[in-house]
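See below for the structure under consideration.
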Amino acid sequence: MKQKAAFYVLGCKVNQHEAEALRALFRRAGYEIVDFKESADVYVIHTCTVTHLGDSKSRQMIRRAVRRNPEAVVAVTGCYAQVSPDEVCAIPGVDLIIGTQDRGRIVELVDRVARERVPLNLVRDVREAREFEELPLEEISRVRAFLKIQEGCRQFCSYCIVPFARGPVRSRHPDRTIEEVERLVRAGYKEFVLTGVHIGSYGVDLPGGVDLAGLVRRLVDVPGLARLRISSLDPNEFTPELVDVLAGSPVICPHFHIPLQSGEDEVLRRMRRRYTTADYTRVLQELRDRNPDLAITTDIIVGFPGETEAQFERTYRFAKEMAFAGIHVFKYSPRAGTPAAGFPDQVPHPVKETRSNRLLELARKLTVDYAAGFLGRDMEVLVEQEVEPGGGLWEGHTGNYLRVVFPGNEGKRGQLVPVRLLRVNNGYVEGTFSDR
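Here it is in structure tokens:
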């Protein structure tokens with residue numbers, strides 16, 4: 001009988017990509033991957049520590065796994081495990097902790113723990129890491145592939161724990177990425193998403209002047225590649241060379257996620273962000289001049305220490321002026337060891353809650369307004385999955401990341417099809433196949 005492994009994944013798209021790679025390692029070793037709610041021989045909790053809620057949820061899921069099968073091997077990976085291994089060790093029933101390094105050895109280590117029944121804490125100082133860790137990507141969905149091209153961050157924003165969890169910048173060699181894309185295109189993948197902890201720093205650790213613009217320029221020339229999507233970039237990372245290559249190829253998806261964090265310059269300065277609102281405005285204008293249909297989404301933190309009501313109002317107005325297609329709103333969460341955790345004038349939770357709710361309301365309106373601008377148009381949609389099994393409705397995304405729901409069939413999965421957008425619904429756009 002096959003052994004069973006179950007996963008619970010918290011946090012960002014990088015975590016999601018890494019967890020899929022870990023699943024692939026277990027499959028190759030003969031494990032059956034089952035739902036986390038089922039009884040399994042191995043539970044892997046891939047943790048997050050960006051906020052205190054991430055820490056709390058990570059601990060909760062670790063304890064849940066231990067209760068579900070006390071005889072199982074419980075392995076804890078990811079950012080919370082890396083930053084707070086002692087807290088993880090203190091949870092009864094944890095067998096293996098490996099943080100954000102050595103993930104490629106996870107099956108070997110799980111088998112060792114199962115054999116010897118001796119807990120292992122193998123978290124190492126990530127500040128010493130210098131090599132990009134290659135993890136496998138299986139040919140499963142054949143729809144959208146996330147390509148991790150970079151690890152680590154050297155920004156050290158005053159509120160952020162990520163550099164301590166992920167270590168210095170390590171970039172994947174461009175040839176490895178090109179080879180993987182060529183392989184996955186042959187397997188039928190249509191869309192690729194470049195992702196990493198801080199992809200704007202891609203190449204700074206590699207010889208020969210490697211950078212993101214150069215990698216993208218090579219990728220768009222891969223035969224058969226239909227779509228290339230870029231994940232998060234800071235405004236100061238849109239160099240003239242990068243803007244030219246992003247605007248110069250129909251393969252590039254017209255959607256960029258550009259974190260703002262605050263629409264007030266004094267708050268940005270205390271956050272240690274490396275741009276001003278004027279810089280941000282200039283970059284968005286330049287990008288929109290190249291493509292007026294471009295979707296810009298962003299992140300905003302409310303309740304940063306010392307943020308006054310007037311400063312929040314300026315952020316609110318700035319977000320409205322920028323006409324974002326979507327906003328991820330975060331309530332500031334103090335992280336031990338970061339400068340901002342010790343700043344005076346910490347904002348009370350009820351104030352954060354009020355500001356968050358106001359900004360979320362604005363975000364919903366801006367998203368609807370942006371989507372409404374495309375009604376009546378035929379847009380190319382990547383068919384991803386059925387909304388409900390047997391229901392006949394399928395969903396996918398346009399190049400500018402509108403979620404579209406439309407009548408379809410299994411034969412269209414993984415295909416790019418023309419869909420006429422009809423109306424904006426709650427969180428998506430309704431459409432129908434176009435006969436253009």
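Using our numbering, the letters of the sequence shown map in sequence onto residues 1 to 436.
By construction, the Cβ of each residue, glycine as well, lies at the ideal position given by its N, Cα and C atoms.
- Query: Name the DSSP beta bridge partners of Glu380, please?
  - Reply: Pro418
- Task: Use the C-beta contact count for Lys2: other C-beta atoms within 10 angstroms, 16 or more gives buried, fewer gives exposed.
- Result: exposed
- Task: Reducing DSSP to helix, strand and coil, say where Phe146 ends up.
- Result: strand
- Message: My output table needs one value for Ile91: the three-state DSSP class, helix, strand or coil.
- Response: coil
- Cβ of Val42 within 8 Å of Cβ of Ala21? no
- Please classify Asp299: does DSSP put it in a helix, a strand, or coil? strand
- Cβ contact (3+ pairs, closer than 8 Å) linking the segment 322-338 and the segment 40-55: yes
- Bridge partners of Pro407, per DSSP? Leu393
- Task: Please state whether DSSP places Tyr370 in a helix, a strand or coil.
- Result: helix
- Buried or exposed: which applies to Phe374, given that a residue is buried once 16 or more other Cβ atoms fall within 10 Å of its Cβ? buried
- Query: In three-state DSSP terms, what is Ile106?
  - Reply: helix
- Nearest to Phe192 by CA position, among Val404, Leu96, His17, Phe164, is which residue? His17
- Message: Less than 8 Å between CB atoms is the rule here; does Ser333 satisfy it with respect to chain D?
- Response: Among the protein chains of the structure shown there is no chain D, as only one such chain exists.
- Span of the alpha helix (DSSP H) around Glu180: 174-186
- Task: Give a yes or no on whether the C-beta atoms belonging to Pro92 and Val110 are separated by under 8 Å.
- Result: no
- Which of the three DSSP states, helix, strand or coil, is assigned to Ala6? strand
- Item | For Lys331, the three-state DSSP class (helix, strand or coil) | strand
- Task: Within its chain, find whatever has a CB closer than 7 Å to the CB of Asp205; leave out the 5 residues flanking it on each side and keep chain order.
- Result: Val169, Arg170, Ser171
- Since Arg413 is in the alpha helix (DSSP H), which residue starts that stretch and which ends it? Premise fails: Arg413 is in no alpha helix (DSSP H) and is neither H nor E.
- Is Ala372 buried or exposed, if buried means 16 or more other CB atoms sit within 10 Å of its CB? exposed
- Query: In this structure, does DSSP put Phe525 in helix, strand or coil?
  - Reply: Because residue 525 is not part of the residues shown, which for the chain are 1 to 436, the question remains open.
- Reducing DSSP to helix, strand and coil, say where Asn426 ends up. coil
- Item | Spatial distance of Cys12 from Ile149 (CA atoms) | 15 Å
- Task: Compare the C-alpha of Ile199 against each of Ile258, Val220, Ser249 and name the closest.
- Result: Ile258
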